[in-house]
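Protein sequences appear in the order of chains A and B.
Mapping of the first sequence onto the working numbering: position 39 corresponds to residue 41, and the numbering continues sequentially without gaps.
Mapping of the second sequence onto the working numbering: position 576 corresponds to residue 586, and the numbering continues sequentially without gaps.
Cβ coordinates follow ideal geometry from the N, Cα and C atoms, glycine included.
Given the structure is predicted, the values throughout are model-derived calculations rather than measurements.
Beneath this line is the structure, given in structure tokens, with notes to follow.
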Amino acid sequence: MKPKIFKLAAVLVLTTLVLGLFSFVKEPEVSYKCMIQMTNYTGEKAYVVVSLINPEGEYEKTLYIQGDDREWFPDLKNWWKFSNGSGENVDALSGATIGNGERNIISLGFSASHIDAGYKVRFESAVENQEYYAVDAEIELNSATLTEKVEGQGYIRYIRMVPNR
Amino acid sequence: MMVSVWRYSHLLFAIASSVFLLVASITGVILAVEPISNKMEPYSVPGADELSLAQTLGHINENYGEVLAVMRDRNGFVSVTAIVEGQNQTFYIDPFTGEKLGDLIHKKPIFQFATNLHRSLFLKSTGRFLIGLASFLLILISISGIVLIAKRQGGYKQFFAPVVRENFSQYHHVVYARWALIPLLILALTGVYLSLLRFDVIPNSNVSLQVDFDSIQEEPVKEYTQFDLFKNTPLSELRELEYPFSEFVEDYYIIRLKDREVYLNQITGEVLAEEKYPALQVMTSWARVLHTGEGSIIWSIVLGFGSLAIPFLTVTGFIVYFKRPKTKIKNAYGKHESEYMVLVGTEGGTTLQFAQELHKQLLAAGKKSHLALMNAYGHFKKMEHLVVVTATYGQGEAPASAEKFIERVGKHRQRQAFDFSVVGFGSTAYPNFCQFAYEAHEALNDSANSTALQEVFTVNDRSFEAFNNWSDTWSKEVGVTLHLEKPKSTLGPKPESTFKVIDKIELPEDDTFLLSLKNLNGSRPVSGDLLSVIPAEGARERLYSIGKVNDTLVISIRRHEKGLCSNYLHQLAQGEKLTARVVDNRNFHFPKQAKKTVFIATGTGIGPFLGMIQENVKKREIHLYWGARKREAFNLYKDYIETARREGKLTAFKTAYSRENGEKTYVQHLVRQDKTLFLDVLKSKGCIMICGSIAMQKEVLRELQVLSKEHLGKDLSHYQNRKQIKMDCY
Numbered sequence: 003m004k005p006k007i008f009k010l011a012a013v014l015v016l017t018t019l020v021l022g023l024f025s026f027v028k029e030p031e032v033s034y035k036c037m038i039q040m041t042n043y044t045g046e047k048a049y050v051v052v053s054l055i056n057p058e059g060e061y062e063k064t065l066y067i068q069g070d071d072r073e074w075f076p077d078l079k080n081w082w083k084f085s086n087g088s089g090e091n092v093d094a095l096s097g098a099t100i101g102n103g104e105r106n107i108i109s110l111g112f113s114a115s116h117i118d119a120g121y122k123v124r125f126e127s128a129v130e131n132q133e134y135y136a137v138d139a140e141i142e143l144n145s146a147t148l149t150e151k152v153e154g155q156g157y158i159r160y161i162r163m164v165p166n167r
Numbered sequence: 011m012m013v014s015v016w017r018y019s020h021l022l023f024a025i026a027s028s029v030f031l032l033v034a035s036i037t038g039v040i041l042a043v044e045p046i047s048n049k050m051e052p053y054s055v056p057g058a059d060e061l062s063l064a065q066t067l068g069h070i071n072e073n074y075g076e077v078l079a080v081m082r083d084r085n086g087f088v089s090v091t092a093i094v095e096g097q098n099q100t101f102y103i104d105p106f107t108g109e110k111l112g113d114l115i116h117k118k119p120i121f122q123f124a125t126n127l128h129r130s131l132f133l134k135s136t137g138r139f140l141i142g143l144a145s146f147l148l149i150l151i152s153i154s155g156i157v158l159i160a161k162r163q164g165g166y167k168q169f170f171a172p173v174v175r176e177n178f179s180q181y182h183h184v185v186y187a188r189w190a191l192i193p194l195l196i197l198a199l200t201g202v203y204l205s206l207l208r209f210d211v212i213p214n215s216n217v218s219l220q221v222d223f224d225s226i227q228e229e230p231v232k233e234y235t236q237f238d239l240f241k242n243t244p245l246s247e248l249r250e251l252e253y254p255f256s257e258f259v260e261d262y263y264i265i266r267l268k269d270r271e272v273y274l275n276q277i278t279g280e281v282l283a284e285e286k287y288p289a290l291q292v293m294t295s296w297a298r299v300l301h302t303g304e305g306s307i308i309w310s311i312v313l314g315f316g317s318l319a320i321p322f323l324t325v326t327g328f329i330v331y332f333k334r335p336k337t338k339i340k341n342a343y344g345k346h347e348s349e350y351m352v353l354v355g356t357e358g359g360t361t362l363q364f365a366q367e368l369h370k371q372l373l374a375a376g377k378k379s380h381l382a383l384m385n386a387y388g389h390f391k392k393m394e395h396l397v398v399v400t401a402t403y404g405q406g407e408a409p410a411s412a413e414k415f416i417e418r419v420g421k422h423r424q425r426q427a428f429d430f431s432v433v434g435f436g437s438t439a440y441p442n443f444c445q446f447a448y449e450a451h452e453a454l455n456d457s458a459n460s461t462a463l464q465e466v467f468t469v470n471d472r473s474f475e476a477f478n479n480w481s482d483t484w485s486k487e488v489g490v491t492l493h494l495e496k497p498k499s500t501l502g503p504k505p506e507s508t509f510k511v512i513d514k515i516e517l518p519e520d521d522t523f524l525l526s527l528k529n530l531n532g533s534r535p536v537s538g539d540l541l542s543v544i545p546a547e548g549a550r551e552r553l554y555s556i557g558k559v560n561d562t563l564v565i566s567i568r569r570h571e572k573g574l575c576s577n578y579l580h581q582l583a584q585g586e587k588l589t590a591r592v593v594d595n596r597n598f599h600f601p602k603q604a605k606k607t608v609f610i611a612t613g614t615g616i617g618p619f620l621g622m623i624q625e626n627v628k629k630r631e632i633h634l635y636w637g638a639r640k641r642e643a644f645n646l647y648k649d650y651i652e653t654a655r656r657e658g659k660l661t662a663f664k665t666a667y668s669r670e671n672g673e674k675t676y677v678q679h680l681v682r683q684d685k686t687l688f689l690d691v692l693k694s695k696g697c698i699m700i701c702g703s704i705a706m707q708k709e710v711l712r713e714l715q716v717l718s719k720e721h722l723g724k725d726l727s728h729y730q731n732r733k734q735i736k737m738d739c740y
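Structure below.
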């Protein structure tokens with residue numbers, strides 16, 4: 003009787019340990035360096051938001067916000083509907099706006115499971131009193147083509163990404 | 011151009027922009043604090059500016075795996091953007107070690123709020139346009155303000171000369187405006203520039219460098235620390251340095267220095283492209299720095315005070331405007347049915363009060379009188395007597411309501427004979443005292459059928475007594491009896507005090523007496539202040555100069571046979587009480603700084619000086635000149651003077667008697683005699699104080715004017731403006 007109990011206890015301890023360990027193992031992160039090069043448009047500095055889009059074409063999460071004044075966030079209509087509704091905390095994700103002809107280099111992190119799984123990275127942009135581009139540029143999270151230059155439709159001239167060292 | 015045009019445009023622009031300027035200036039004051047508080051953050055590392063870029067980059071690269079950019083802001087703080095644990099981070103570093111000093115300064119919500127309000131009033135583009143427009147109006151306000159100050163001061167050379175004080179608002183409006191002028195003009199000009207930039211009226215010119223990718227070399231390979239540009243450029247020159255995006259040779263360093271932008275091959279260190287910033291971009295950068303004060307504590311403070319001046323100038327400006335009595339004139343008799351014409355030339359309206367009083371009393375005397383502005387001069391069918399009461403503006407120009415007078419006198423001839431008299435109002439503190447009055451007199455003299463009753467009569471500093479003197483002689487000549495009443499507004503209501511008569515010394519043969527009073531309550535006067543006494547209910551107030559001797563007030567009074575007030579004071583017995591007000595007369599206080607002072611008095615005008623001499627415990631040099639008709643008049647003051655001489659409080663005492671032994675000496679003769687002393691006093695920043703009759707004051711000033719012009723080459727107003735000549739005459 004006794005050995006049985008010991009065995010059971012040992013199994014229980016082991017399983018909890020394994021389960022516990024498993025939950026601590028982080029999903030592998032992939033980090034990319036991303037360059038946003040703006041065109042020579044005229045006007046104020048542009049607000050650009052970078053979001054992760056799931057295979058169904060819906061917003062998954064916000065990756066980066068170029069623009070630090072919340073007053074203008076609602077101008078990025080589609081994203082604002084999602085982000086404001088989901089209540090995610092974007093404070094740590096924002097950086098300074100940049101103007102025409104300038105470029106901004108940021109770092110974007112993805113979980114490995116999103117790569118080659120139909121996810122996309124969307125760049126949408128807005129400028130005070132000017133047109134809003136719901137999709138200024140979009141890149142598929144496809145490891146084969148990810149590092150290719152992608153042209154923008156609006157204030158963005160092109161996007162480049164390279165894996166981080 | 012005419013003063014009124016400048017003045018109206020100054021006011022109009024101010025009204026149009028006041029609300030926006032107030033918002034912009036108050037937020038501006040708040041925003042002036044931001045660069046100061048930023049600059050005080052401890053991220054500046056002494057000596058770091060001398061490091062080369064190669065050294066700085068070396069230190070940075072040792073610490074961080076993936077660096078994106080290095081920046082140096084206007085405060086001299088160096089920050090790095092790097093990828094740390096997969097995240098973009100920007101923070102300040104110590105260029106000597108590359109270590110992180112602290113996170114980027116986050117714009118505080120209050121500054122964010124103030125910036126938005128300051129730029130666009132939360133109205134986006136509309137607001138930006140309104141603020142830009144207000145900024146432009148501020149330029150116009152400043153320019154019209156400069157012209158107005160120059161006109162008021164009598165020329166651009168006198169721009170920073172002392173300002174004559176009329177009242178608090180007027181004085182401080184001018185004084186502060188002069189100080190705030192430079193920062194305000196700079197703020198306004200740069201503000202307009204930035205607005206034009208915002209609306210693309212001024213093109214936003216960026217450098218756009220082209221790289222010839224076909225000729226990019228991959229050799230010779232050099233370590234980045236060996237790149238010439240990095241080795242030879244000190245950190246102080248840097249604005250921003252972006253690292254190459256990838257390791258491919260097509261990606262390069264982008265380096266923005268203070269004066270140019272450079273692309274640098276990341277493998278060979280060769281310059282791929284280089285361009286100096288266009289002039290417009292340099293200007294834009296300067297406009298930003300000048301407008302925001304970024305990077306300089308001192309300039310931020312200057313801008314802050316400049317901003318603060320706007321609410322102050324707005325308020326005082328409107329007070330000056332609204333305090334000006336409006337030129338509303340009602341006439342019972344039309345201009346063609348009146349024998350008496352009173353014409354006024356006025357800037358602010360104070361002259362009008364006096365003219366109105368004259369007009370009122372003429373009507374009270376049963377005469378048909380018509381009051382009008384000088385610009386209304388025309389043919390007046392029944393006019394027999396013309397009185398012109400006019401001020402002078404700035405450097406002898408016509409005041410606003412008289413700009414067309416001389417032209418109209420030439421054009422409109424009177425068909426009947428008439429006589430005229432011109433009274434000039436002004437301040438001897440300005441050059442060209444009453445200049446326009448003389449011109450008006452000339453013009454009338456040259457016109458047909460006119461007879462001048464008198465020479466031009468001048469009134470200094472709105473002296474009612476002087477105006478009253480003129481009115482007495484004039485009314486005698488035209489044959490009316492007039493009793494002018496002093497305009498009430500010249501003295502503000504002050505609380506009354508009770509005084510006890512403690513002594514009365516009399517000199518019956520000269521009809522003068524000295525009254526010693528003790529103040530039982532109320533304010534503590536200083537020698538030179540005035541005592542306002544109203545002898546009976548409803549009677550006009552009389553003013554007496556106070557001399558303060560050992561805590562008692564001494565007033566020196568001449569008794570007039572029918573004088574209501576002098577007789578009232580005369581009948582007061584020792585121990586009796588008297589109710590009166592003390593009026594502050596700060597323009598006639600003893601000058602604390604002057605090493606040498608000369609007192610000139612006639613008759614009872616010696617009163618305040620008795621106090622000042624007695625208070626001269628430091629035994630500074632004081633010369634007293636006193637004039638009277640007869641020698642015996644001196645007996646009243648003999649004790650005071652002799653004691654002061656003995657104690658060394660009075661350096662010299664000279665008298666002039668006009669009815670003694672056939673000789674007729676007046677104090678003005680003594681001025682000429684002792685000219686070396688007077689010139690010395692003027693040159694050595696001493697002070698000349700005059701108290702007594704207005705006739706004497708005019709004669710003495712004339713003598714001094716001659717001395718000043720001949721020997722010092724300056725107009726006497728120069729010294730008067732510096733408060734070296736003080737007067738209290740009646």
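Length of the line joining the Cα atoms of residue i and residue j
i	j	result
Phe430/B	Ala476/B	18 Å
Ile700/B	Phe467/B	20 Å
Gln132/A	Ser179/B	47 Å
Leu501/B	Ala590/B	Caution is warranted here: a pLDDT of 47 is assigned to Leu501/B, below 50, making its placement in the model unreliable, and the coordinate value is therefore given only provisionally. Approximately 14 Å between the Cα atoms of the pair.
His182/B	Arg188/B	10 Å
Tyr160/A	Ile38/A	6 Å
Thr461/B	Asp684/B	40 Å
Arg138/B	Ser27/B	14 Å
Leu454/B	Val352/B	14 Å
Arg17/B	Asn470/B	24 Å
Asp729/B	Phe435/B	According to the sequence shown, residue 729/B is Tyr rather than Asp. Going by the C-alpha atoms only, they are around 20 Å apart.
Asp93/A	Thr99/A	15 Å
Short Cβ contact (8 Å threshold) for residue i with residue j
i	j	result
Leu646/B	Val593/B	no
Tyr34/A	Trp74/A	no
Thr607/B	Ile567/B	no
Ser507/B	Asn478/B	no
Lys796/B	Arg550/B	The requested residue 796/B does not occur in the structure, where chain B is confined to residues 11 to 740.
For residue i, the first and last residue of its enclosing alpha helix (DSSP H)
i	result
Met706/B	704–717
Cys575/B	574–580
Asp649/B	648–657
Asp456/B	445–456
Cut-off 8 Å between Cβ atoms - residues of its own chain near residue i, not counting five sequence neighbours on either side
i	result
Ile120/B	Ile40
Leu239/B	Leu63, Ile265, Val272, Leu274, Gly279, Val281
Leu131/B	Phe30, Val33, Gly137, Leu140, Ile141
Arg208/B	Arg138, Gly142
Val627/B	Lys659
Close beta carbons around residue i, own chain, < 7 Å, minus the five adjacent residues each side
i	result
Leu689/B	Leu717, His721, Leu722
Glu72/B	Gly108
Leu300/B	Ile196, Thr200
Val559/B	Leu620, Gly621, Gln624
Beta-carbon contacts of residue i that lie in its chain and below 6 Å, excluding the five residues immediately before and after
i	result
Arg162/A	Met37, Lys151
Leu150/B	Phe23
Would you be able to state if there are at least three C-beta pairs under 8 Å between the region 131–151 of chain A and the region 60–76 of chain A?
no
Mind the definition here: the region 15–34 of chain B touches the region 125–145 of chain B only if three or more C-beta pairs lie below 8 Å; say whether that holds.
yes
Does the region 343–357 of chain B touch the region 219–233 of chain B, meaning 3 or more C-beta pairs lie closer than 8 Å?
no
Do the region 407–427 of chain B and the region 513–533 of chain B make contact, defined as three or more Cβ pairs closer than 8 Å?
no
Inter-stretch contact at 8 Å, needing at least 3 Cβ pairs: the region 654–665 of chain B / the region 633–641 of chain B:
yes
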